[in-house]
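As you go down the protein sequences, you meet chains B and V in turn. Going by my numbering, the letters in the first sequence line up with residues -6 to 572, in that order. Going by my numbering, the letters in the second sequence line up with residues 2 to 191, in that order.
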Amino acid sequence: MKELMIGNAALARGLYEAGCCVISSYPGTPSTEITEEFAKFNDTYCEWAPNEKVATETAFGASLRGKRSACCMKHVGLNVAADPLFTMSYTGVNAGMVICVADDPGMHSSQNEQDSRHYAVAAKVPMLEPSDSQEALDFAKIAYEISEQFDTPVFIKMCTRVAHSQSIVEKGERTEVTKEYVKNPKKYIMAPANAIARHPFVEERTAKLTAYAETSPLNRVEEGNGDYDFGIITSSTSYQYVKEVFGNKVSVLKLGMVNPLPVELIRTFARKVGKVYVIEELDPVIETHCKNIGVEVVGKDKFSMLGEFSQKTIAKAFGIADKESVALETEIPVRPPMMCAGCPHRGMYYVLAKNNITVLGDIGCYTLGSMPPLNALDMTLCMGASVSGLHGYNKAGQQETEGKTVCVIGDSTFIHSGVTGLINIAYNQSNSTVIILDNSVTGMTGHQQNPTTGKNIKGDPAGKVDLESLCRAVGINSVRVVDPYNLDECEKAVKEELAKNEPSVIISRRPCVLLKYVKPKKPLRINTDKCRGCKRCMKFGCPAISFRDKHAVIDNTLCIGCGVCASLCPFSAFESEGE
Amino acid sequence: METKNIMIVGVGGQGSLLASKLLGRLLVDEGYDVKVSEVHGMSQRGGSVVTYVRFGDRVYSPIIEEGEADYIVSFEKLEAARYIKDLRKGGTVIVNTQQIDPMPVIIGNAEYPVEVLDEMREKGVNVDAIDALSLAGEAGSVKACNIVLMGRLAKYFDIPEEKWESAIEKCVKPAFVDINKKAFTLGYNN
Chain B
-6 MKELMIGNAA LARGLYEAGC CVISSYPGTP STEITEEFAK FNDTYCEWAP
44 NEKVATETAF GASLRGKRSA CCMKHVGLNV AADPLFTMSY TGVNAGMVIC
94 VADDPGMHSS QNEQDSRHYA VAAKVPMLEP SDSQEALDFA KIAYEISEQF
144 DTPVFIKMCT RVAHSQSIVE KGERTEVTKE YVKNPKKYIM APANAIARHP
194 FVEERTAKLT AYAETSPLNR VEEGNGDYDF GIITSSTSYQ YVKEVFGNKV
244 SVLKLGMVNP LPVELIRTFA RKVGKVYVIE ELDPVIETHC KNIGVEVVGK
294 DKFSMLGEFS QKTIAKAFGI ADKESVALET EIPVRPPMMC AGCPHRGMYY
344 VLAKNNITVL GDIGCYTLGS MPPLNALDMT LCMGASVSGL HGYNKAGQQE
394 TEGKTVCVIG DSTFIHSGVT GLINIAYNQS NSTVIILDNS VTGMTGHQQN
444 PTTGKNIKGD PAGKVDLESL CRAVGINSVR VVDPYNLDEC EKAVKEELAK
494 NEPSVIISRR PCVLLKYVKP KKPLRINTDK CRGCKRCMKF GCPAISFRDK
544 HAVIDNTLCI GCGVCASLCP FSAFESEGE
Chain V
2 METKNIMIVG VGGQGSLLAS KLLGRLLVDE GYDVKVSEVH GMSQRGGSVV
52 TYVRFGDRVY SPIIEEGEAD YIVSFEKLEA ARYIKDLRKG GTVIVNTQQI
102 DPMPVIIGNA EYPVEVLDEM REKGVNVDAI DALSLAGEAG SVKACNIVLM
152 GRLAKYFDIP EEKWESAIEK CVKPAFVDIN KKAFTLGYNN
């Protein structure tokens, strides 16, 4: 049956059909659904790991034991997984192993737009790049064949538009592959003597993979009808934009395998078409390869290294006229994302902003605390950097910063890589206050379980990290828990912990309001006789409160009745149902 | 058939994912090649969101660019204005008249352009405005706003109502089928 599937679901299906038995991943947009969809199959094992390094090593272990495995992550997650990656390139695999990595050109939900293809080149690991959902499914199967044939982990690289676009997919059957585990220290113990002996294998493998790339159906030439006297080399979603603009009027070399890249295939294509354009998002990886092998091409001189492309980007570059459209004179205010009405993070941020505290932030929904009107954050870098950054900030600033600086980090991010920073704070004794914003779920990526929630990926009971005990165990003596809906309690805790002459942790704990088990209360309403229009509640930045005709107004489709705004109002104008 | 383009726009959390799922299901059942593109993650948190639905004999790009949309279905008034540049000449905007203030308006840094639909009409845009929120309430849940708007969109297509209803059955949980069918009919008939 034909089905419409997002690329990530199709990729999960492909991994499943290829007999993948174990997936370990850390969520991250736009990669999350690969693992979530795979978790829906019953005859396989699937988990959320604490971070991408752990996930990759888990998948490696499963491959070593003889089962096809995979790990999935976003582009920046690959930075965390880079350590095992580079040496797995040397050991190779037993059963096939696939690393799914999803880039985010345009940074819809990311802190940078790094190009994962560089990792494939640097680690000398093959990389396949599907351009739609059917290819995502098909490439998963091919990836396992390559993995076992050439003894290497294989990347499948997605991007936002392939990962999150639905297109039609035809499903197939699952076949399982099992390899025997045979002890082989020369292959699997990467101590110097063995690694030195293994490096030539890696170089020979790349040569063999290059030969494979020359004839593999992953890379194909689509002959044009001769309307245009040039050819285009492209891959991934850019291929779709090229076809949208040119149809069959131009010759296209469509690359499905972007590392290693073919040599003769490209040279032959270039000889045939004459002038060649390389159209690829982000960095000039294909372009550089072409130039290295002596093929003259036009690439980043004409197409940007920034953001996403579209059919318009390509049409424009070739001088094809814009389509007629409507423009309004009215200025349209921006609508940036923001923390939800009733979000438990808001209370803590309000307290921090009110007290002019410097706040080093981290990665998650709570990064949105940087937005007006709270403007509560000073820094966001990468997963876990708030904690280690705070330590460095206070070591440098000492008495000047210690009493007025904190970091904030979510529960999942803390487990991912915040705890190592906290160990450093405890070990090297900086007078730092770490605030864990514990909303009992991995929020931003769409509610994944994590080691602090007590549930596994399927929602079944699982081991549970006790954050208080963990913080105490690493050597923090002052650990306290507050409810962020209680602003007075939060303010008291922040002031007291900052005043202490020792490291401390405040756990700001209340579940995300979007969790199903959090039952919203009736929306509050404004008593307009009492509201004097002082706008104090507007400083809270709740999207359910706006200001019209000299009074605060509550949007009852958004308000969940948390009542924190009521505690801010000096005139008791916020009333709950029944008052 | 030339590719047709529908954009679904609104505020994160308004249920555009279900609307696009419904459309996708329906159009696949009708035998078209279909692509649906949406962005998950950060922007879903109360930000401006857009979903592209494209169908025809063969669809390549999953996204819709300036001047290409045949229909824009907007879940909120201001969002219709934000994406109007993507409408092709002679295209139609189906818009829920609900007003949701964005943060710059809430904190007093910007004005909500209340009269923006009139400006669109002056510029020759076909504006089909509908109070989908009230109709959804009438159907039994304000959350069914998305399906009210799909009902309205259905008026512009040559696809029988029962096919839409069967797509609703396939896309929503059994407990919500009746409310959503009612919402669909209210959107179609009002």
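Glycine included, every Cβ here is placed at the ideal spot set by N, Cα and C.
Within chain B, S303, Q304, K305 have C-beta atoms less than 7 Å from the C-beta of E66/V, given in sequence order. For R122/V, the closest Cβ of chain B is not nearer than 8 Å. Annotated as distal: V128/V and E80/V, with beta-carbon spacing of 8 Å or more. Looking from the CA of V288/B, the closest CA among E257/B, E273/B, M298/B, S303/B belongs to E257/B. By the beta-carbon neighbour count (other beta carbons within 10 angstroms, threshold 16), P23/B is buried. When Cβ-Cβ separations below 8 Å define contact, R153/V makes no contact with chain B. Residue burial annotation: C524/B is buried, with at least 16 other C-beta atoms found within 10 angstroms of its C-beta. Of all C-beta pairs linking the region 296 to 309 of chain B to the region 366 to 376 of chain B, fewer than three are shorter than 8 Å, placing the two stretches out of contact. Contiguous beta strand (DSSP E) elements confined to the region 141 to 193 of chain B occur at 147 to 152, 158 to 163, taking only those with 3 or more residues.
Fewer than three beta-carbon pairs drawn from the region 253 to 271 of chain B and the region 133 to 150 of chain B are found closer than 8 Å, and the two stretches are therefore not classed as touching. Identification of residues in the region 87 to 115 of chain V having a C-beta nearer than 9 Å to some C-beta of chain B yields D87, L88, R89, K90, G92, Q99, I101, D102, P103, M104, P105, V106, I107, I108, G109, N110, A111, E112, Y113, P114, given in sequence order. Chain-order list of chain B residues neighbouring K36/V: S158, Q159, S160, by C-beta distance under 7 Å. When the five nearest sequence neighbours on each side are left out, the beta carbons in the same chain lying within less than 6 Å of the beta carbon of N549/B are those of P516, in order along the chain. In the structure shown, Q441/B falls within a strand segment according to DSSP collapsed to helix, strand and coil.
When the Cα atoms are used, K174/V and N285/B turn out to be separated by approximately 55 Å. Taken in chain order, the members of the region 315 to 328 of chain B whose beta-carbon sits within less than 8 Å of a beta-carbon on chain V are D315, K316, E317, S318, V319, A320, L321, E322, T323, E324, I325, P326, V327, R328.
A distance below 8 Å separates the beta carbons of E274/B and C152/B. Taken atom to atom, the span from the alpha-carbon of V118/B to that of A2/B is near 24 Å. In the structure shown, K182/V falls within a helical segment according to DSSP collapsed to helix, strand and coil. Under the three-pair Cβ rule at 8 Å, the region 486 to 497 of chain B does not count as touching the region 505 to 520 of chain B. If you look at D132/V, you'll find it isn't in any beta strand (DSSP E); DSSP assigns it neither H nor E. Assignment of C530/B by DSSP, reduced to helix, strand and coil, places it in the helix class.
Chain B places a beta carbon closer than 8 Å to that of I85/V, counting this residue as a contact. Just measuring C-alpha positions, the residue of V35/V, M151/V, S167/V sitting nearest N191/V is M151/V. Following the DSSP letters along the chain, one finds I85/V in no alpha helix (DSSP H), marked with neither H nor E.
Annotation: Cβ neighbours of P63/V in chain B (cutoff 9 Å, chain order): D125, R154, V155, H157, S158, Q159, S160, T230, Q233. Of the candidates L248/B, I161/B, A156/B, A156/B places its Cα closest to the Cα of K67/B. Contact between the region 555 to 569 of chain B and the region 465 to 485 of chain B is established, with three or more Cβ pairs separated by less than 8 Å. Taken in chain order, the complete beta strand (DSSP E) segments of 3 residues or longer contained in the region 378 to 462 of chain B are 398 to 403, 426 to 431. Here I161/B is buried: its Cβ has 16 or more other Cβ atoms, across all protein chains shown, within 10 Å. Using a CB distance cut-off of 8 Å, K(-5)/B counts as an interface residue toward chain V. When DSSP states are grouped into helix, strand and coil, N212/B belongs to the strand group. Among the residues of chain V, those whose CB is under 9 Å from the CB of P365/B are M104, P105, I108, N110, following chain order. Spatial neighbours of G534/B in its own chain (CB-CB distance under 6 Å, excluding positions within 5 residues in sequence) are listed in chain order as P366, L367.
Around the beta carbon of L(-3)/B, 16 or more other beta carbons lie within 10 angstroms, which makes this residue buried.
Scanning chain B for C-beta atoms nearer than 9 Å to the C-beta of S49/V yields V327, R328, P329, P330, reported in chain order.
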